[in-house]
Amino acid sequence: MASADWKDTLRKVKVAPVREELITEDEFLSLDEMVPVEKDALQRTLRCTISEMEELFRENRWEDILSVAYPLEEKLPELAQSGLDTEIRAKVAFALGQLARFDDAIKELSLCVEKEPDRFLYHSSLAYTAYNSLYAASNKEIFLRGQPRLERIALAHEHFKKAQQLRPDGITNFYREGMLFKQIENKTEKSIALFEAAVHNWDKMDEGLRKNRTQERKNYIKTLYHLASALLERDLPNKALRFLKRCLDEDKKTEYIACIYKYFALGKVHFQLNEFAKAKDALDFAATCQKGDQPADFVYELLARTFLAMGDIQHAADTIKQVPENKRRPYYRWTEADVLCARKDFPGARRVLLLSLERDNRSRHKALIRLARIEYLGRDFRRSMKYARAAADFFREKWGGFLDDAVFWQALNAYRLHDHKLALELAKDLKERNPRYPKLGTLLAGLSRYSNEGIRKET
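Oh and the sequence shown: position 395 is 410 in my numbering, straight run, nothing missing.
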């Protein structure tokens, strides 16, 4: 319509008086909106506040963000009462999370979820904040144990599930819930299906969609890495290798995962496949990828074990020396002791293992079992029994579980000490739980001539 036309149209409009009885409000227009002074003011406040916060976000000024809008009931009470508060609360929650104020962040996001129960962003943010707080607790940045920790885990799972329902084609929330199972709860088995779902969702995307989801691509690559790790833990190294190779290929340019970790993982897969030469090559390369203060002791530990598997004791011993003695963590000490045993230096191995016990409150049973083996080889069955029993007690108290190795070495030492009744009880218990335990059949064969009625026990 030309500019002159609209004027002509207006001249032809017959203006009739508005009859008050015909005035009707509906969902599209209310009487209040005819004079929207108050709502316009709130919208201006909202827009200005969000713009100010986004400026501060770009500079990571978390405390300044809180000074603008937290607590909302005090800083911006009119917005807090208006129902227009969720977007600001979500941004405040992110800043609180960055400052490790997770409880406060969760309160803000819980209000957002309550007001907008079908908003994907709020469920995803709440799940991530709960998940992040659990990582902070694992790193001893905050205190979170016992029932509060269990409740926090349940909260994360609840909102990861809701976010996945609202966006079933996503990557990140499947990846993060997988990590919750694998890294926080130590339930690797349950993580695999979630990691596989994330990979499947990425594989379904066309190139255009992938380009628009950069953050999702980063988490897809991380998923490949952790899926390979989880599969390896389940003794599926061939399947793990397929996903790890995809990770290496996809991450060539971006390096979302540091080179040292990827090639260490490759070495670990080849080691489990008994491909020791390939494992050595991958680990040698991983060691060259070390940057600055980045730790590399885990690479040297596995490399030493690889040399042991290849029968190259000297190179294993030389590799152990790559880490100064005062920086050798307990797991490194176990392999150091294995190298010393390979050199028949049993007193040296015993010394190293006893030192490791002083620093280890997590996996002490592994050193104790090695000590039991050393004492058994030296025919000190009573001392060997003592170490095996200590390993069983530690594992039960720490992890609430049944330690196969500890039971076997107790049974074997009882057999050597002619306590055949105890030996048979322990061996049968182990057979029920792990009938394929190495050399259990040999022990049971040795005990087979003793019937329940005729068991001999020497005092």
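Here a beta-carbon is modelled for each residue, glycine too, at the ideal position from N, C-alpha and C.
- In summary, P92 is exposed, with fewer than 16 beta-carbon neighbours lying within 10 Å of its beta-carbon over all protein chains present.
- Fewer than three pairs of CB atoms, one per stretch, sit closer than 8 Å, so the region 104–116 makes no contact with the region 158–169.
- Contact between the region 235–242 and the region 262–271 is present: 3 or more CB-CB pairs across the two stretches fall below 8 Å.
- Of the candidates P362, I80 and F313, the residue whose Cα lies closest to the Cα of R344 is F313.
- Counting only residues of its own chain and dropping the five nearest sequence neighbours on each side, Y85 has a CB closer than 7 Å to the CB of V107.
- With respect to the 8 Å criterion, E192 and L209 are classified as neighbours on the basis of their beta carbons.
- Pairwise C-beta distances place the region 396–403 out of contact with the region 351–364, as fewer than three of them are shorter than 8 Å.
- Sequence-distant Cβ neighbours of Y137 in its own chain, meaning closer than 8 Å and more than five residues away, are T101, A105, L124, C127, V128 and E131.
- The continuous alpha helix (DSSP H) containing E447 extends over residues H435 to R448.
- One alpha carbon belongs to K277, the other to A438, and they sit about 45 Å apart.
- DSSP lists L44 as the beta-bridge partner residues of D41.
- Contact annotation: E373 and T350 have beta-carbon atoms that are not nearer than 8 Å.
- In the same chain as H330, and ignoring 5 residues on each side of it, the C-beta atoms closer than 6 Å to its own belong to F322, in chain order.
- For D218, the enclosing alpha helix (DSSP H) covers residues T203 to K219.
- Note that the region 137–150 touches the region 171–188; at least 3 beta-carbon pairs, one per stretch, sit closer than 8 Å.
- In this structure, A245 sits away from I199, with a CB-CB distance that is not shorter than 8 Å.
- Taking A110 as the centre and dropping the five residues before and after it, the same chain places the C-beta of W77, I80 and L81 closer than 7 Å to its C-beta, in chain order.
- According to the DSSP assignment, I389 belongs to the alpha helix (DSSP H) that extends over R379 to L392.
- V214 is a Cβ neighbour of L242, given a cutoff of 8 Å.
- For L432, there is no enclosing alpha helix (DSSP H), as DSSP marks it with neither H nor E.
- Note that the C-beta distance between I186 and E222 is not below 8 Å.
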